[in-house]
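Undergrad:
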Amino acid sequence: SLIHMYARCSDLDCAFKVFDRMPERDVVSWTSMIDGLVDNGRAIEGVRVFNEMVDSGEEPNDATVVLVLRACAETGALEVGRGVHRIVEGQGLGSKANVSTALIDMYSKCGCISSAKRVFDMIAAKDVCAWTAMIHGLASHGMSRDAINFFEQMGNSGVKPDEWSMTAVLVACRNVGWVAQGYLLFSDMRKKYGVKPNLQHYGCMVDLYARSGQLKEAEDFIRRMPIQADEVLWRSLIWACKIHGDTDRAERLIKEVRIDFNDSSSCVLVSNIYASVGKWHDKAILRETMNRKGVIKPRGSSKIEVDGSIHEFTAGDSSHIEAESIFEKLDEIDERLRGEGYKPELSEVLLEVGDEEKAFRLLHHSEKLAVAFGLMKTKPGSQIRIVKNLRSCEDCHSFLRLISKIYGREIIVRDRIRFHHFRNGDCSCGDYW
Numbered sequence: 001s002l003i004h005m006y007a008r009c010s011d012l013d014c015a016f017k018v019f020d021r022m023p024e025r026d027v028v029s030w031t032s033m034i035d036g037l038v039d040n041g042r043a044i045e046g047v048r049v050f051n052e053m054v055d056s057g058e059e060p061n062d063a064t065v066v067l068v069l070r071a072c073a074e075t076g077a078l079e080v081g082r083g084v085h086r087i088v089e090g091q092g093l094g095s096k097a098n099v100s101t102a103l104i105d106m107y108s109k110c111g112c113i114s115s116a117k118r119v120f121d122m123i124a125a126k127d128v129c130a131w132t133a134m135i136h137g138l139a140s141h142g143m144s145r146d147a148i149n150f151f152e153q154m155g156n157s158g159v160k161p162d163e164w165s166m167t168a169v170l171v172a173c174r175n176v177g178w179v180a181q182g183y184l185l186f187s188d189m190r191k192k193y194g195v196k197p198n199l200q201h202y203g204c205m206v207d208l209y210a211r212s213g214q215l216k217e218a219e220d221f222i223r224r225m226p227i228q229a230d231e232v233l234w235r236s237l238i239w240a241c242k243i244h245g246d247t248d249r250a251e252r253l254i255k256e257v258r259i260d261f262n263d264s265s266s267c268v269l270v271s272n273i274y275a276s277v278g279k280w281h282d283k284a285i286l287r288e289t290m291n292r293k294g295v296i297k298p299r300g301s302s303k304i305e306v307d308g309s310i311h312e313f314t315a316g317d318s319s320h321i322e323a324e325s326i327f328e329k330l331d332e333i334d335e336r337l338r339g340e341g342y343k344p345e346l347s348e349v350l351l352e353v354g355d356e357e358k359a360f361r362l363l364h365h366s367e368k369l370a371v372a373f374g375l376m377k378t379k380p381g382s383q384i385r386i387v388k389n390l391r392s393c394e395d396c397h398s399f400l401r402l403i404s405k406i407y408g409r410e411i412i413v414r415d416r417i418r419f420h421h422f423r424n425g426d427c428s429c430g431d432y433w
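Be aware that the sequence shown starts at 1, since it is given in full-length UniProt numbering, and climbs by one per residue.
1) Taking DSSP as the reference, what is the three-state secondary structure of Thr-378?
2) What's the call for Thr-289, buried or exposed, on a 16-neighbour Cβ count within 10 Å?
3) Check whether the segment 149-165 and the segment 180-198 touch, using three or more Cβ-Cβ pairs below 8 Å as the test.
4) Between the segment 69-76 and the segment 404-411, can you find at least three pairs of beta-carbon atoms closer than 8 Å?
5) Tell me which residues share the same chain as Phe-19 and place their Cβ nearer than 7 Å to its Cβ, disregarding the 5 neighbours each side in the sequence.
6) Beta-carbon within less than 6 Å of Phe-120's beta-carbon, same chain only, minus the 5 sequence neighbours each way: which residues are those?
7) If you check the beta carbons only, do Leu-215 and Arg-249 fall under 8 Å apart?
8) According to DSSP, is Glu-74 helix, strand or coil?
9) For Val-80, I'd like the list of residues in its chain whose CB is within less than 7 Å of its CB, leaving aside the five on either flank, ordered along the chain.
10) Which full runs of the alpha helix (DSSP H) of 4+ residues lie inside the segment 14-73, going along the chain?
11) Rank His-141, Ser-140, Val-169 by C-alpha distance to the C-alpha of residue 437 and give the top, closest one.
12) Considering Cα atoms alone, identify which of Cys-267, Arg-299, Ser-302, Ser-276 is closest to Ile-285.
13) Under the DSSP definition of a beta bridge, which residues are partnered with Lys-303?
14) Which whole-angstrom value is the C-beta distance of Ala-359 and Lys-329, which I expect to be below 8 Å?
15) Grab me the residues of Glu-219's own chain with a C-beta within less than 8 Å of its C-beta, minus the 5 sequence neighbours each way, in chain order.
16) Can you give me the C-alpha to C-alpha distance between Leu-362 and Glu-348, rounded to a whole angstrom?
17) In angstroms, rounded to a whole number, what distance separates the CA positions of Gly-83 and Ser-95?
18) Ignore the nearest five residues each way along the sequence and tell me which others in Asp-62's own chain have a CB closer than 7 Å to its CB.
19) Cβ atoms of Lys-379 and Val-413: under 8 Å apart, would you say?
20) Inspect the CB distances between the segment 287-302 and the segment 267-276 and report whether three or more fall short of 8 Å.
21) Can you look up Val-349 in the DSSP assignment and give me helix, strand or coil?
22) Give me whichever residues DSSP pairs with residue 453 in a beta bridge.
23) Please report the distance separating the alpha-carbon of Lys-126 from that of Trp-178.
24) Does the beta-carbon of Tyr-202 have 16 or more other beta-carbons within 10 angstroms, so that it is buried, or is it exposed?
25) Verify whether the separation of the beta carbon atoms of Gln-91 and Glu-59 is less than 8 Å.
26) Could you check what DSSP says for Val-159 in three-state terms: helix, strand or coil?
27) When you compare only the Cα positions, how much space is there between Arg-8 and Thr-31?
28) For Val-176, name the three-state secondary structure that DSSP assigns.
29) Please work out which residues of its chain come closer than 6 Å, Cβ to Cβ, to Arg-174, disregarding the five sequence neighbours upstream and downstream, and give them in chain order.
30) Determine the burial state of Val-176: buried for a count of at least 16 other Cβ atoms within 10 Å of its Cβ, exposed for fewer.
31) With distances taken between CB atoms, is the gap from Leu-400 to Tyr-342 smaller than 8 Å?
32) Figure out for me which residue from His-364, Gln-383, Ser-212 has the closest Cα to the Cα of Cys-393.
33) Which partner residues of residue 462 appear in the DSSP bridge assignment?
34) Helix, strand or coil: how does DSSP classify Val-169 here?
35) What does DSSP give as the partner residues of Val-413 in its beta bridges?
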């Protein structure tokens, strides 16, 4: 269809024009529009169009449901996802393998692993996709022992692991630092499971060594790889060098590895390394290079669902209609936390500015704006769920951990790496992320 063609060319304006001019819309046209939005990174709008579809009386099919569940998973729209689940049950779509797997993925990525498990348990004939979705969900929540147990149960049930399920179980080891267990599984991939290791599997092992502080082992592992390492692998090692304070190794690798300075992630990483060792001149030169090439640093973004609507915040964001009230709430939270011993982690601000400016910038990180909004808009004692596009910094981690204790809230945050469940001043990650 024209909608599908325009969407595949990322011309959503034209896709919408065709869609809006249609005298009658069937399930195919609605699904094509949702597909285009989700594929082009506009999942929130995809959810909105789905709601319009339901309101119009058009019944979704399994393809529509899978797409909107993916959109819910990406945005953390749990309540919308639950509504989709009710539609699935009402239309009898739950028996379809692609739908049940999408439900497991949605619940896992929205921070509700117990609901994911209930869906999984209801599947009569579990295929490798269902097993993998469940294992990956458990791994992302830090439930690594359960993830490995499920992996073993999958094999015992006669379902053979594929490359995706091997990635999921390696992620389970990576997220808790089980180096020996991870290496054993990686070594068994080909001979025991018949899966040839790919770049993603090697990446999991590099990340596992690097995060646990075994930086030399991680570098040696990359250099021994039988396939060419990509820049993502080197970046994960260089970032770990920064985290573990081995800036000499980081700077050496930056010089040795051909960093693509047209890539924003690479530029930000190198910029942060320069800042961490006080090389402000080198950082300034890199910033000029980025500006000249039009390379834009990705901004921290956090989404929170309140009453079925998704609210998105970026660092320092003042565009929200209730921005003034949110900033006032944030100041109130900051004052209360400081009274309980909170001190901003100023070293997280890699800018040559004063301490007061650093504290201000930290206070207005996107997840802090989102949690302030959540405290304003949700009932006392209820859960707050946030989805962030980047790795949480140490200051935000400490901030949210203390909020969970002082305000008596469970706060569930999905960052780029994993889930963090903050309860009573503790985090499920055990400060390992």
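Backbone N, C-alpha and C fix where the C-beta goes; we use that ideal spot for every residue, glycine too.
Here the structure is a predicted model, which is why all the values come from computation and not from measurement.
TA: Result, derived from the coordinates:
1) Look at Thr-378 here: in three-state DSSP terms it is coil, with no helix or strand label.
2) With fewer than 16 other Cβ atoms within 10 Å, it is exposed.
3) The segment 149-165 is in contact with the segment 180-198.
4) The segment 404-411 is not in contact with the segment 69-76.
5) So the list reads Ile-3, Ser-29, Met-33, once near-sequence residues are dropped.
6) The residues are Ile-104, Met-134.
7) Arg-249 sits close to Leu-215, with the two beta carbons spaced by under 8 Å.
8) If DSSP states are grouped into helix, strand and coil, Glu-74 belongs with the helices.
9) Closer than 7 Å at the Cβ level, and outside the excluded window around Val-80, lie Val-47, Cys-72, Gly-308.
10) Within the segment 14-73, the complete alpha helix (DSSP H) runs of at least 4 residues are 27-39, 43-56.
11) No information on residue 437 is available, as it lies outside the stretch 1 to 433 that the chain covers here.
12) Check the Cα spacing between Ile-285 and each of Cys-267, Arg-299, Ser-302, Ser-276: the tightest is with Cys-267.
13) Per DSSP, Glu-312, Val-387.
14) Not a contact, Cβ separation roughly 17 Å.
15) Excluding sequence neighbours, Glu-219 sits near Leu-237, Arg-249, Leu-253.
16) Whole-angstrom Cα-Cα distance: 8 Å.
17) Whole-angstrom Cα-Cα distance: 17 Å.
18) Cβ within range, chain order: Leu-93, Lys-96, Asn-98, Val-99.
19) Cβ atoms of Val-413 and Lys-379: not closer than 8 Å.
20) By the criterion of at least three beta-carbon pairs nearer than 8 Å, the segment 287-302 is in contact with the segment 267-276.
21) DSSP, read as helix, strand or coil, puts Val-349 in coil.
22) Any question about residue 453 goes unanswered here, given that the chain covers just 1 to 433.
23) Roughly 28 Å between the two C-alpha positions.
24) Counting Cβ neighbours within 10 Å, Tyr-202 comes out buried, since at least 16 surround it.
25) Using a Cβ distance threshold of 8 Å, Gln-91 and Glu-59 count as a contacting pair.
26) In the displayed model, Val-159 falls within coil according to three-state DSSP, outside both helix and strand.
27) If I take the Cα positions, the gap works out to 14 Å.
28) Three-state result, Val-176: coil.
29) Closer than 6 Å at Cβ, skipping near neighbours: Cys-204, Asp-207, Leu-208.
30) Within a 10 Å sphere around the beta-carbon of Val-176 sit 16 or more other beta-carbons, which makes this residue buried.
31) Taking a C-beta distance under 8 Å as the contact criterion, Leu-400 and Tyr-342 do not qualify as a contact pair.
32) Of the candidates His-364, Gln-383, Ser-212, the one whose C-alpha sits nearest the C-alpha of Cys-393 is His-364.
33) Look at the range of the chain in this structure, 1 to 433, and you will see that residue 462 is not part of it.
34) Residue state, collapsed to three classes: helix.
35) Bridge partners of Val-413: Ile-386, His-420.
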